[in-house]
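Undergrad: Residue numbering for the sequence shown follows my numbering, starting at -8 and increasing by one per position.
One structure is given below, represented as structure tokens, and several questions about it will come after.
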Amino acid sequence: VISILNFIMSTGNVMVTGSNTIHIRSGIRIESLSDKYLRGALQLHNAFTGNTGKKCLGCCSYRFCPENMSTWGDPYKKDPRRMEFCAVAIQTITNENNDFGDGDYTEKQHIPRFEERVIGLAPLVDNKMAREYFSSLLHKDIHDGEFYLEEMCVLPEFRGQGIGTEILRWCDRMVMKEGGSYMTLGVVNGNPARNLYERHGFVETSSDCLFVYCLLGRPYGRCGGVMMEKVFEIEDQNDKPTYPSGEIMIENLEISVMERD
């Protein structure tokens, strides 16, 4: 049974709804943020903010003033729902190391060792969650039924592989699970990620130039940015999000292994 499940997960497109985890392909999954990955998420956030040309007042790069755990991580530590509604994409790398142990062995033992790193990040917030100060400047008022996507970043070497799309699907599911009505996000002008958001159903609702420039500068060579919105049409509370054909959904999976005499 375990071999079959490993094979299914290695093919991608598997969702385990009981733990908010999507296995999108072998070695990569999307799940809720936890303490284990908080520092890696902060590192990705700082890299995304500092290495994409964002500058306060168009001249002071955020690369030289990265956020620390006490400021960025504090809302997550205070509010468990912030952890639950923050998506992280995790890559698992398996390495086989030679380990002879304590005995006198004539043959090498290959012991697999696992390394994990955060390769994607997407925090969702509603009007009941604790927020980080900079996020509240970019989008001050969150209304009832609204979930605001504070940022979405994927490491450059993993872009163009569908990870961003799967992160947005994870966000869809979390919003609908909570009974949210719509999801919003902001994107600066010239950011190619806007094409992804539009394909996913987001539409422009408003625009701003001067305030966005003061906070972020012109990271993509153009001034200003826009707010975008995706509305969820839910007929009743029993409705569940649909998934593309070929995707497998497993709910509340339990495996029991019994010993034989």
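Just so it is clear, CB atoms sit at the ideal spot from N, CA and C, and this is done for glycine as well.
#1: Tell me Gln82's beta-bridge partners as DSSP assigns them.
#2: Please classify Lys221: is it buried, with 16 or more other beta-carbons within 10 angstroms of its beta-carbon, or exposed?
#3: Does DSSP classify Ser25 as helix, strand or coil?
#4: Going by alpha carbons, who is nearest to His36 out of Met74, Thr12, Glu141?
#5: Find out if the Cβ-Cβ distance for the pair Gly216, Val179 is shorter than 7 angstroms.
#6: In whole angstroms, what separates the C-alpha of Arg160 from that of Ile19?
#7: Would you mind sorting Pro183 into buried or exposed? The rule is 16 or more other CB atoms within 10 Å of its CB.
#8: Give a yes or no on contact between the region 116 to 134 and the region 66 to 84, applying the rule of three or more CB pairs nearer than 8 angstroms.
#9: Run the proximity test for Glu220: is its beta-carbon closer than 6 angstroms to any non-hydrogen atom belonging to the ligand GDP?
#10: Thinking C-alpha only, which one of Met143, Ile133, Ile81, Thr40 is nearest Ile110?
#11: What runs of the beta strand (DSSP E), each 3 residues or longer, lie entirely inside the region 100 to 188?
#12: Taking C-beta to C-beta, are Gly136 and Ser172 nearer than 7 angstroms?
#13: With distances taken from CA atoms, which of Glu107, Tyr67, Phe76, Lys68 is nearest Asn307?
#14: With H, G and I counted as helix, E and B as strand and the rest as coil, what does DSSP make of Gly64?
#15: Just checking my contact of Leu129 with Gly170 at CB under 8 angstroms: how many whole Å lie between their CB atoms?
#16: Measure the CB-CB distance between Leu187 and Gly155 and report whether it falls below 7 angstroms.
#17: From Ser25 to Phe138, what distance separates their C-alpha atoms?
#18: Classify Ile158 as buried or exposed, calling it buried when 16 or more other Cβ atoms lie within 10 Å of its own Cβ.
#19: Across which residues does DSSP place Gly216 in a beta bridge pair?
#20: Return the first residue and the last residue of the alpha helix (DSSP H) that Arg255 is part of.
#21: State the DSSP-derived secondary structure class of Cys51, mapped to helix, strand or coil.
#22: Below 8 angstroms on the Cβ atoms is my contact criterion, and I expect Ile21 with Ala78 to pass it. Report the Cβ-Cβ distance as a whole number of Å.
#23: So, using beta-carbon positions, are Ala32 and Leu112 closer together than 7 angstroms?
#24: Under the rule that 16 or more other beta-carbon atoms within 10 Å means buried, what is Met60, buried or exposed?
#25: Since Ser23 and Asn42 are thought to touch, with beta carbons under 8 angstroms apart, how far apart are those beta carbons, to the nearest angstrom?
#26: Could you check how far apart the C-beta atoms of Met219 and Val203 are, in whole angstroms? I think they sit under 8 angstroms.
TA: In short, the structure shows the following:
#1: Ile19, Arg108
#2: buried
#3: coil
#4: Glu141
#5: yes
#6: 15 angstroms
#7: exposed
#8: yes
#9: The model depicted lacks the ligand GDP and carries no ligand whatsoever.
#10: Ile81
#11: 101 to 116, 137 to 140, 173 to 179
#12: yes
#13: Lying before the first or after the last residue shown, residue 307 is absent from the chain, which here runs from -8 to 252.
#14: coil
#15: Not quite, the Cβ-Cβ distance comes to about 25 angstroms (not below 8 angstroms), so this is no contact.
#16: yes
#17: 20 angstroms
#18: buried
#19: Val179, Asp199
#20: The requested residue 255 does not occur in the structure, where the chain is confined to residues -8 to 252.
#21: strand
#22: 6 angstroms
#23: yes
#24: exposed
#25: Not really, about 26 angstroms apart at Cβ, beyond 8 angstroms.
#26: Incorrect: roughly 13 angstroms between the Cβ atoms, too far for contact.
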